[in-house]
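S.K.: Each residue of the sequence shown is one higher than the one before, starting from 672 at the first, in this note's numbering.
Here a beta-carbon is modelled for each residue, glycine too, at the ideal position from N, C-alpha and C.
The structure displayed is predicted, hence computed values, not measured ones.
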Amino acid sequence: MDLKSAIKTYQFAERAKSELIVGSHLTTALIQFPLAEKPGGKRMLVMVLQSIRSELDFAYGDTGLSEFKKAIDHLNEAISLTESMDLGAASERIGRAVSAATTAAQAAWETLNEHELL
């Protein structure tokens, strides 16, 4: 991986990881919402997850890395599970998306480390 690609990939991956972790926390929080608040919480959570997916789509489009595509696929599953209120499984899928983004970050990190930038 060349240095310019490594920098972009690392930035995309770190941002994706942060956003996905927030999405996971929100998913877990929704489990504890009072019954009357769950429909609105679900709608808002789906919107947040769709926004994260848009960021991942941009990262995949710019880098072409399969790890970002894997993260998108896992996030698509998480969105579907959230819509059906299977929040435990949705959180697990978001965890898989975090792992995929972490893999992308690791490859970029190795290149940046070789150039003593990290």
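Between which two residues does the alpha helix (DSSP H) containing Asp728 stretch?
M.R.: Along the sequence shown, one-based indexing puts residue 728 at 57. Asp728 -> alpha helix (DSSP H) spans Lys709 to Thr734.
S.K.: CA-CA distance, Lys741 and Ala700?
M.R.: Here residue 741 refers to the residue found at position 70 of the sequence shown. Here residue 700 refers to the residue found at position 29 of the sequence shown. Lys741 and Ala700: Cα-Cα distance of roughly 25 Å.
S.K.: Going by the CB atoms, is the gap between Ser695 and Gly766 shorter than 8 Å?
M.R.: By 1-based counting over the sequence shown, the position of residue 766 is 95. By 1-based counting over the sequence shown, the position of residue 695 is 24. Yes, the Cβ-Cβ distance between Gly766 and Ser695 is below 8 Å.
S.K.: Would you check if the distance between the CB atom of Ser676 and the CB atom of Thr734 is smaller than 8 Å?
M.R.: Numbered from 1 along the sequence shown, position 5 holds the residue referred to as residue 676. Numbered from 1 along the sequence shown, position 63 holds the residue referred to as residue 734. In contact: Ser676 and Thr734 (Cβ atoms closer than 8 Å).
S.K.: At which residues does the alpha helix (DSSP H) containing Leu706 begin and terminate?
M.R.: Sequence index remark: in the sequence shown, residue 706 carries index 35 (1-based). Note, Leu706: premise wrong, no alpha helix (DSSP H); not H, not E.
S.K.: With burial defined as no fewer than 16 other Cβ atoms inside 10 Å of the residue's Cβ, what is the status of Phe739: buried or exposed?
M.R.: Locating residue 739 in the sequence shown gives position 68, counting from the first residue. Under this definition Phe739 is a buried residue.
S.K.: If we call anything under 8 Å between Cβ atoms a contact, is Glu754 one with Val717?
M.R.: In the sequence shown, counting from the first residue as 1, residue 754 sits at position 83. In the sequence shown, counting from the first residue as 1, residue 717 sits at position 46. Contact flag set, yes.
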